[in-house]
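**Q**
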Amino acid sequence: MAKRILITGGAGFIGSHLCERLLNEGNEVIALDNFHTGRKQNLAHLLSNPRFELIRHDITDPIKLEVDQIYNMACPASPVHYQSNPIKTIKTNVIGMTNMLGLAKRVGARILQASTSEVYGNPLEHPQKESYWGNVNTIGIRSCYDEGKRVAETLCFDYHRTNKVDIRVIRIFNTYGPRMIPDDGRVVTNFIVQAIRGEDITIYGDGSQTRSFCYVDDLVNGIIKMMNTDNFIGPVNLGNDGEFTVKELAELVIKEVGTKSKIIYLPLPQDDPTRRKPDLTLARAKLEYTPTVPLVEGIKKTIEYFKKSLQT
Ligand code: NAD
Ligand code: UDP
1 MAKRILITGG AGFIGSHLCE RLLNEGNEVI ALDNFHTGRK QNLAHLLSNP
51 RFELIRHDIT DPIKLEVDQI YNMACPASPV HYQSNPIKTI KTNVIGMTNM
101 LGLAKRVGAR ILQASTSEVY GNPLEHPQKE SYWGNVNTIG IRSCYDEGKR
151 VAETLCFDYH RTNKVDIRVI RIFNTYGPRM IPDDGRVVTN FIVQAIRGED
201 ITIYGDGSQT RSFCYVDDLV NGIIKMMNTD NFIGPVNLGN DGEFTVKELA
251 ELVIKEVGTK SKIIYLPLPQ DDPTRRKPDL TLARAKLEYT PTVPLVEGIK
301 KTIEYFKKSL QT
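Using full-length UniProt numbering, you'd call the opening residue of the sequence shown number 1 and step up by one each time.
(1) In whole angstroms, what separates the C-alpha of Pro62 from that of Leu101?
(2) Which same chain residues end up closer than 7 Å to Ile263 when comparing Cβ atoms and leaving out the 5 residues on each side of it in sequence?
(3) Measuring straight from C-alpha to C-alpha, what distance separates Cys156 and Ile167?
(4) I need the straight-line Cα distance from Arg161 to Pro235, nearest angstrom please.
(5) Helix or strand or just coil, what does DSSP make of Pro76?
(6) Which of the three DSSP states, helix, strand or coil, is assigned to Glu66?
(7) Excluding the 5 residues flanking Met73 on each side, which residues of the same chain have their C-beta closer than 8 Å to its C-beta?
(8) Measure how close the beta-carbons of Ala152 and Met97 come, nearest whole angstrom, since I'm counting them as under 8 Å.
(9) Can you tell me where the beta strand (DSSP E) with Asp241 in it begins and where it stops?
(10) Quick check: is any heavy atom of the ligand NAD less than 6 Å from the C-beta of Ala44?
(11) Could you check how far apart the C-beta atoms of Arg51 and Met227 are, in whole angstroms? I think they sit under 8 Å.
(12) To the nearest angstrom, how far is the alpha carbon of Tyr132 from that of Gln311?
(13) Quick check on DSSP: helix, strand or coil for Gln194?
(14) As a quick exercise: from Asn163, Pro123, Ala77 and Ser309, pick the residue whose alpha carbon is nearest that of Asn174.
(15) Okay, do the stretch 40-57 and the stretch 203-219 touch, 3+ Cβ pairs below 8 Å being the bar?
(16) If you run the structure through DSSP and keep just helix, strand and coil, what is Arg4?
(17) Give a single yes or no on whether Phe13 has its beta carbon closer than 6 Å to a heavy atom of the ligand NAD.
(18) Heavy atom of the ligand NAD less than 6 Å from the Cβ of Ala104, yes or no?
(19) Return the CA-CA distance between Asn190 and Asp206, expressed in angstroms with no decimal places.
(20) What are the boundary residues of the beta strand (DSSP E) that Ala114 is part of?
(21) Since Ser117 and Pro278 are thought to touch, with beta carbons under 8 Å apart, how far apart are those beta carbons, to the nearest angstrom?
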């Protein structure tokens with residue numbers, strides 16, 4: 001049955017893909033965004049749809065809306081962006097989360113929180129299971145995001161226990177695809193944009209650190225499945241469990257773009273996690289979630305997107 005759905009951060013990378021999918025499924029969708037890292041152009045193709053609304057609003061201020069479901073995606077995700085105004089990042093995760101849980105409580109909506117693999121910090125357990133409590137620096141440059149997201153999870157579970165708010169919590173691992181911002185500083189965007197422009201490919205550290213990269217379509221499948229699953233509130237890991245070194249990613253991008261760019265090595269940022277890979281056992285068992293897009297395919301699609309978008 002069609003629902004009225006609020007997507008905070010709806011003009012961002014993942015949020016805009018969610019808006020599109022939920023509209024295509026026949027729902028009414030309200031995207032809410034303060035346009036810090038989101039862009040209207042991500043939603044331009046949806047604006048003429050009568051079932052779609054776009055609101056400029058900051059979730060650190062309360063808002064009254066009547067909705068059935070809330071996807072709380074609002075928060076800058078790239079380290080460069082969330083570190084550009086760290087106090088705002090914490091406020092978004094703590095005050096913003098509280099406002100959205102308050103809204104969910106008032107109207108009886110189900111709320112899904114976009115948490116992150118960053119709650120595991122620089123993990124001492126590999127791959128990361130949901131039962132792992134993490135290894136997080138409370139006072140470092142990533143803490144505004146990592147600790148903010150940890151408090152947001154705590155708020156969800158306290159609203160659930162205290163006020164019976166119907167929560168869902170997902171922990172998203174590195175996701176990439178069309179509509180990322182070219183200068184967002186994340187590794188996939190940096191490498192693709194550098195390769196297309198023929199600039200040096202900047203590996204931080206020696207490139208032996210690993211990440212598991214998920215194509216956005218797979219992630220969106222998992223997010224919607226989790227929202228619509230009964231009797232399971234999470235937290236659940238969502239991503240792709242293929243694990244690659246940053247150097248392997250650089251080599252793949254160089255090959256697929258066919259660039260003459262050379263790799264250069266720059267210092268590793270503080271608190272940069274050494275290894276990261278989701279254990280997806282729970283997602284497979286509870287949601288029948290399986291990522292289907294191999295890294296090489298997803299990277300090809302993302303390269304095509306950036307080749308077009310960098311021209312305009
Ligand atoms: P993004 O930066 O593209 O999107 C975030 C959106 O939220 C932007 O449109 C931004 O303008 C908006 N926003 C930020 N603060 C806001 C506020 N206070 N009020 C209203 N809107 C606000 O990032 P993304 O990659 O699409 O990430 C979406 C969500 O998923 C974030 O919560 C992020 O923490 C989480 N996540 C993403 C990844 C990933 O790899 N992309 C990994 C883990 C978690
Ligand atoms: N990285 C890199 N070169 C870049 C950007 C990032 O080597 O130009 C590294 C970064 O240090 C990290 C990994 O790639 O080890 C993933 O970085 P990203 O910012 O994409 O995400 P996160 O660190 O949050 O997983």
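Heads up, the beta-carbon is just placed ideally off N, CA and C, and yes, glycines get one too.
**A** Taking the structure as given:
(1) On the sequence shown, residue 62 is found 62 positions in, with the first residue counted as 1. On the sequence shown, residue 101 is found 101 positions in, with the first residue counted as 1. Their Cα atoms are separated by approximately 10 Å.
(2) Here residue 263 refers to the residue found at position 263 of the sequence shown. Taken in chain order, the residues that qualify are Ile201, Ile203 and Ala250.
(3) The residue you call residue 156 lines up with position 156 of the sequence shown. The residue you call residue 167 lines up with position 167 of the sequence shown. Distance between the alpha carbons of Cys156 and Ile167 is about 6 Å.
(4) Within the sequence shown, numbered from 1, the residue matching residue 161 stands at position 161. Within the sequence shown, numbered from 1, the residue matching residue 235 stands at position 235. Computed Cα separation, rounded: 15 Å.
(5) Reading the sequence shown from its first residue, position 76 is the one you call residue 76. Pro76: coil per DSSP, three-state reduction.
(6) As a position in the sequence shown, residue 66 is number 66, starting the count at 1. DSSP places Glu66 in coil when its eight states are reduced to three.
(7) The sequence position of residue 73 within the sequence shown is 73, counting from 1. Cβ within range, chain order: Ile7, Thr8, Gly9, Gly10, Gly12, Ile14, Gly15, Leu18 and Ala114.
(8) Sequence index remark: in the sequence shown, residue 152 carries index 152 (1-based). Sequence index remark: in the sequence shown, residue 97 carries index 97 (1-based). Right, the Cβ-Cβ distance comes to about 4 Å (below 8 Å), so this counts as a contact.
(9) The residue labelled residue 241 in the question sits at position 241 within the sequence shown. From DSSP, Asp241 is part of no beta strand (DSSP E); its letter is neither H nor E.
(10) Counted from its first residue, the sequence shown places residue 44 at position 44. The answer is no for Ala44.
(11) As a working mapping, residue 51 is identified with position 51 in the sequence shown. As a working mapping, residue 227 is identified with position 227 in the sequence shown. Not quite, the Cβ-Cβ distance comes to about 18 Å (not below 8 Å), so this is no contact.
(12) As a first step, residue 132 must be located in the sequence shown, where it is residue number 132. As a first step, residue 311 must be located in the sequence shown, where it is residue number 311. Whole-angstrom Cα-Cα distance: 44 Å.
(13) Translated into positions along the sequence shown, residue 194 becomes position 194. Gln194 falls in the helix class under three-state DSSP.
(14) Reading the sequence shown from its first residue, position 174 is the one you call residue 174. Residue Ala77 is the option with its Cα nearest to Asn174.
(15) no
(16) As a working note, residue 4 is residue 4 in the sequence shown. Three-state DSSP puts Arg4 in a strand.
(17) Taking the sequence shown and counting its residues from 1, one reaches residue 13 at position 13. Yes, the ligand NAD has a heavy atom inside 6 Å of this Cβ.
(18) The count along the sequence shown starts at 1 and reaches residue 104 at position 104. No, the Cβ of Ala104 stays beyond 6 Å of every heavy atom of the ligand NAD.
(19) Translated into the one-based positions of the sequence shown, residue 190 becomes position 190. Translated into the one-based positions of the sequence shown, residue 206 becomes position 206. Near 16 Å, if we compare the C-alpha coordinates of Asp206 and Asn190.
(20) In the sequence shown, residue 114 corresponds to position 114, counting from 1. Run containing Ala114: Arg110 to Thr116, per the beta strand (DSSP E) assignment.
(21) Taking the sequence shown and counting its residues from 1, the one referred to as residue 117 is at position 117. Taking the sequence shown and counting its residues from 1, the one referred to as residue 278 is at position 278. Confirmed, Cβ separation roughly 7 Å.
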